[in-house]
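Structure first, then comments.
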Amino acid sequence: MIVQQPHRLYLGADNVVAIYLRDDDGARDMSGAVSIVAAVKRWNGCTVAEIEATGEASGRVAFTVTQELGEQQLAPGAFALQIVADGEVVATGILEVVG
């Protein structure tokens with residue numbers, strides 16, 4: 016089951032966003048994933064940014080939105096967030112960008 020999680024980032028600084036994934040057996044091991052991408056999308060489905068992420072055995076998936084990326088591609092507001100690991104959507108959420 017995928018549960019939507021809200022996340023907030025602030026323009027004008029680098030931001031690390033961390034998500035902890037769980038399944039029925041507890042923490043979902045993400046250390047073996049070959050490719051993890053955080054896709055930031057507008058509500059119409061248009062992808063604004065794809066950011067490489069890292070995964071850990073504890074279920075932690077993290078990615079960094081640099082100040083430059085935030086200021087160039089994001090504007091204050093809410094975006095849809097998808098975490099995609101090896102082609103599978105493993106988490107969704109809302110990314111609130113605060114200016």
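For the sequence shown, the residue numbers in the numbering used here are 16 to 114.
Built from N, CA and C at the ideal position, the CB exists for glycine as well.
- Nearest-angstrom Cα separation, counted from ALA100 out to THR107: Computed Cα separation, rounded: 12 Å.
- Looking at the structure shown, is LEU84 part of a helix, part of a strand, or coil, going by DSSP? helix
- State yes or no: is the C-beta of GLN82 within less than 9 Å of the C-beta of ALA64? no
- Compute the beta-carbon to beta-carbon distance between ARG75 and ALA33, rounded to the nearest angstrom, for a pair I have assumed lies under 8 Å. About 6 Å separates the two Cβ atoms, so the contact holds.
- Message: Between ILE109 and PRO21, how many whole angstroms is the CB-CB distance? I'm expecting something under 8 Å.
- Response: Rounded, the Cβ-Cβ distance is 5 Å, consistent with contact.
- Query: Who are the near neighbours of VAL80 in its chain, counting only those whose CB is closer than 6 Å to its CB and skipping five residues on each side?
  - Reply: LEU24 and ASN30
- Task: Could you check the C-alpha separation between GLU71 and ASN59 for me, to the nearest Å?
- Result: For GLU71 and ASN59, the distance between alpha carbons rounds to 31 Å.
- Task: State the beta-bridge partners of GLY92 as determined by DSSP.
- Result: VAL112
- Query: Taking buried to mean at least 16 other C-beta atoms within 10 Å of its own C-beta, is GLY27 buried or exposed?
  - Reply: With a 10 Å radius around the Cβ and a threshold of 16 neighbouring Cβ atoms, GLY27 comes out exposed.
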